[in-house]
Amino acid sequence: MIRLFFPLLCLLMLGFAPARAQVLTSIPSAVADDPKAFWGAVMEEFYGSYDKRRKCWFGTVGSEKLCMRPHLVSTVSINNTPVHFVAMAGYAQDSDGGRAECHGCSGKLGLVVLQQTNERLAVVARNGLADDVGSWGTVPPEEAFRVVGLGPGNHGWLMEFYYTGQGYTEGGVGVFGAIGDRIVDLGFISTHSDNEGTCGEDLGVCYRHSYEILTDPAASGARFGDLIARKLESTNAAAPETIRIPFAEQELKYQMPAALEAALGN
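The opening residue of the sequence shown carries number 2 in our numbering; numbering runs sequentially from there.
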C-alpha cells in the first residue's frame with residue numbers, strides 16, 4: 002500500500018501552541034484583490050525572483066535549488082477576516098538544472114496560510130516550503146487539492162494522490178493542517194484500490210474499491226473532527242457505505258481504520 006509522508010498566530014482556535022506576535026510579510030493586503038499581483042508578491046516573498054526562461058520562481062530551501070510556481074489559493078472568512086490558503090508547487094533542480102522524472106521522484110510543495118491585516122498579510126502557519134509530494138517530479142494537479150473545514154474555525158487541505166504500478170492502482174487522501182504556526186502532515190487515508198491493469202481472461206478476477214473523504218467539522222466541536230469515508234463504488238457488495246475516521250489526539254494524526262483497510266481489500 003502506498004503511503005505519503007509530508008514533513009505537514011495562528012487563530013487561537015487552531016491551537017496546540019501558545020500565542021505569539023503575528024509575523025508580518027512584506028506583501029500588501031491590497032494585492033489580495035488582484036490575482037496576478039497576489040501571486041507575484043507571494044512567490045517572491047517565499048522563494049525569490051522570477052525566471053522568464055523557465056517561467057518559475059527560483060529559490061533555495063536548505064541545500065535545494067527550487068523552481069516553483071503558483072498552484073492554488075482558496076480564501077476562507079474566519080471570524081470575519083479573510084484567510085488565504087496558498088499552495089505552491091514545483092521541483093528541485095537536478096545536476097543538469099532540470100527536473101528529475103521517475104516513479105520515486107517527488108515534486109516540491111509549499112503550503113502557507115496568510116491572514117489579512119490592515120496593511121500587510123501576516124503568516125498564520127506554513128510548512129517547510131519544499132516538502133516532498135507526488136511522483137514523476139511533480140505535485141498532484143490543482144484539482145487534487147481541497148481546502149475544507151476540519152473543525153470549528155479550523156481549516157486545512159485534503160490532497161488526492163494515485164499511483165499505478167504493474168497493473169495495480171492505489172490512491173488516497175493526504176490531510177494537512179495547522180498545529181501552532183506549522184502546517185503539518187495529519188495523516189494519509191487510503192481510499193482506492195483496483196487491479197484493472199492485470200485482471201480478466203486468464204489473469205484473475207478484477208476488483209475495484211473506491212471511497213471519497215468528507216468532513217464533518219461541526220459534529221463533535223473538536224478542533225479536528227472526524228472524517229468520513231463514503232463509498233463511491235465497490236465490487237464487494239458487502240463493503241460498508243460509510244466509515245468514520247477519528248482524529249487521534251495522542252499521535253496528532255488521522256489514522257487509517259481497519260474497517261477501511263478491509264473494504265479496500267488490504
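Glycine included, C-beta positions come from ideal geometry on N, C-alpha and C.
Looking at the structure shown, is residue i part of a helix, part of a strand, or coil, going by DSSP?
i, result
"W1", "There is simply no residue 1 to check, as the chain begins at 2 and stops at 267 in what is shown."
"P142", "coil"
"S64", "coil"
"V206", "coil"
"A33", "helix"
"P234", "According to the sequence shown, residue 234 is Glu rather than Pro. Three-state DSSP puts E234 in a strand."
"G152", "strand"
"K254", "strand"
"H104", "coil"
"A219", "coil"
"E161", "strand"
"T243", "strand"
"F248", "strand"
"T199", "coil"
"R54", "coil"
For residue i, I'd like the list of residues in its chain whose CB is within less than 8 Å of its CB, leaving aside the five on either flank, ordered along the chain.
i, result
"R121", "L25, T26, S27, I28, P29 and S30"
"G169", "First, the amino acid is wrong: residue 169 is Tyr here, not Gly. Only S194, D195, N196, G198 and T199 meet the Cβ criterion."
"Y208", "S194, D195, N196, C200, T236, N237 and G266"
Less than 7 Å between the C-beta atoms of residue i and residue j, yes or no?
i, j, result
"G181", "G157", "no"
"F189", "L130", "no"
"L67", "A101", "no"
Could you name the residues of the same chain whose beta carbon sits closer than 6 Å to that of residue i, not counting the 5 residues immediately before and after it, in chain order?
i, result
"F225", "L151, G152 and F248"
"E213", "R231 and L233"
"D35", "none"
"A38", "V32"
"R147", "L159"
"A260", "I244"
For residue i, report the span of its beta strand (DSSP E) as first-last.
i, result
"K37", "Note, K37: premise wrong, no beta strand (DSSP E); alpha helix (DSSP H) at P36 to F47."
"L112", "G108 to Q116"
"T216", "R209 to T216"
"G175", "Y169 to I180"
"L25", "V24 to P29"
"L130", "Looking at the DSSP string, L130 is not in any beta strand (DSSP E), and its letter there is neither H nor E."
"D186", "R183 to D195"
"F86", "T82 to A93"
Taking all protein chains shown into account, do 16 or more other C-beta atoms lie within 10 angstroms of the C-beta of residue i, making it buried, or fewer, making it exposed?
i, result
"C57", "buried"
"D186", "buried"
"T61", "exposed"
"T216", "buried"
"V87", "buried"
"E65", "exposed"
"P142", "exposed"
"S78", "exposed"
"Q116", "buried"
"H85", "buried"
"L228", "buried"
"S96", "exposed"
From which residue to which residue does the alpha helix (DSSP H) around residue i run?
i, result
"A263", "A259 to A264"
Which same chain residues end up closer than 7 Å to residue i when comparing Cβ atoms and leaving out the 5 residues on each side of it in sequence?
i, result
"P71", "W40, M44 and M89"
"M2", "Any reading at M2 must be qualified, since the residue scores a pLDDT of 32, below 50, and its modelled position is unreliable; no value is offered."
"T73", "Reading the sequence as shown, one finds Leu at residue 73 and not Thr. Correct list, in chain order: A88, E143 and F146."
Sorry if obvious, but does the Cβ on residue i come closer than 6 Å to a heavy atom of the ligand ADP?
i, result
"E144", "Judged by which ligands are present, the structure shown has none, so any question about the ligand ADP falls away."
Say whether chain D places a C-beta atom closer than 7 Å to the C-beta of residue i.
i, result
"A239", "Chain labels in this structure do not include chain D; a single protein chain is all it has."
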